[in-house]
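Below is one structure, written out as structure tokens; comments come after it.
Residue numbers (the numbering used here): 107 to 321.
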């Protein structure tokens, strides 16, 4: 399947396409997963490839690829009006070596991770924190938990002096039984894993979050 709904390259194409590994294949979950960056047509794409890299849930007790979970998370976030990398393709197949899967997204242009947003003036830092809070509040209102909310996964682009936010690396995203459960895990994790926001800015993030999580 692909994000446009139109017929395009298949799994064989994305599985064999050359590129530069940004996350070399790593062994885990009794399988492996890796991501490469490649250029096709007129733009860059990120291709995550996996073999036997599975997660389990009540719906999938025998396991399904984390790439499949990421694909569905990308679609959910777009339905909420939240910016994420454009989903281009997902495919999976059974082979003699096991279950292979790939998920493909367009590269976010003009964005840099939150971890690089250092040296901002206090007003800009507060505006950024508030914007991130509103984004996360919308996500949490839908009971979605990112599950790995580090500063490197929050992407920022400045447009006319205003910040625009996108999230990446959604393969651990899941829906929780309540918004509160999603909030606690993600915000506690982000608080520990970021060094950009001081107490004043963090308070601004929480204020922005409160606006949208309760809407």
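Positions of the beta carbon are idealized from the N, C-alpha and C atoms, including for glycine.
In this structure, residue 240 places its C-beta atom within 8 Å of the C-beta atom of residue 314. Judged by DSSP in its simplified three-state form, residue 170 adopts strand. If you look at residue 295, you'll find it in the alpha helix (DSSP H) that goes 285-299. Judged by DSSP secondary structure, residue 232 falls within the alpha helix (DSSP H) whose first and last residues are 228-247.
As the crow flies, the alpha-carbon of residue 195 is around 28 Å from that of residue 221. In the DSSP annotation of this structure, the continuous segment of the beta strand (DSSP E) that includes residue 209 starts and ends at 204-212. Residue 187 is not a Cβ neighbour of residue 156, given a cutoff of 8 Å.
Residue 139 has its alpha-carbon roughly 14 Å from the corresponding atom of residue 276.
Residue pairing by DSSP leaves residue 128 without any beta bridge partner. Taken atom to atom, the span from the alpha-carbon of residue 204 to that of residue 210 is near 20 Å. Here the alpha carbon of residue 198 sits roughly 9 Å from the alpha carbon of residue 173.
In chain order, 219, 220, 221, 296, 299, 300, 301, 302 place their CB closer than 8 Å to the CB of residue 257, counting only its own chain and leaving out the 5 sequence neighbours on each side. With distances taken between CA atoms, residue 268 lies nearest to 236 out of 250, 236, 283, 274.
In the three-state scheme derived from DSSP, where H, G and I count as helix and E and B as strand, residue 119 is classed as helix. Using a 10 angstroms sphere on the CB of residue 225, the tally of other CB atoms stays under 16, which defines it as exposed. Short of 7 Å from the beta carbon of residue 117, and not among the five residues preceding or following it, lie these beta carbons of its own chain, in chain order: 197, 199, 208. When DSSP states are grouped into helix, strand and coil, residue 187 belongs to the coil group. Within the DSSP secondary-structure output, residue 134 pairs in a beta bridge with 137. Residue 268 carries a strand assignment under DSSP once its states are collapsed to helix, strand and coil. Going by DSSP, residue 306 is part of the alpha helix (DSSP H) stretching over 305-319.
Residue 143 sits close to residue 128, with the two beta carbons spaced by under 8 Å.
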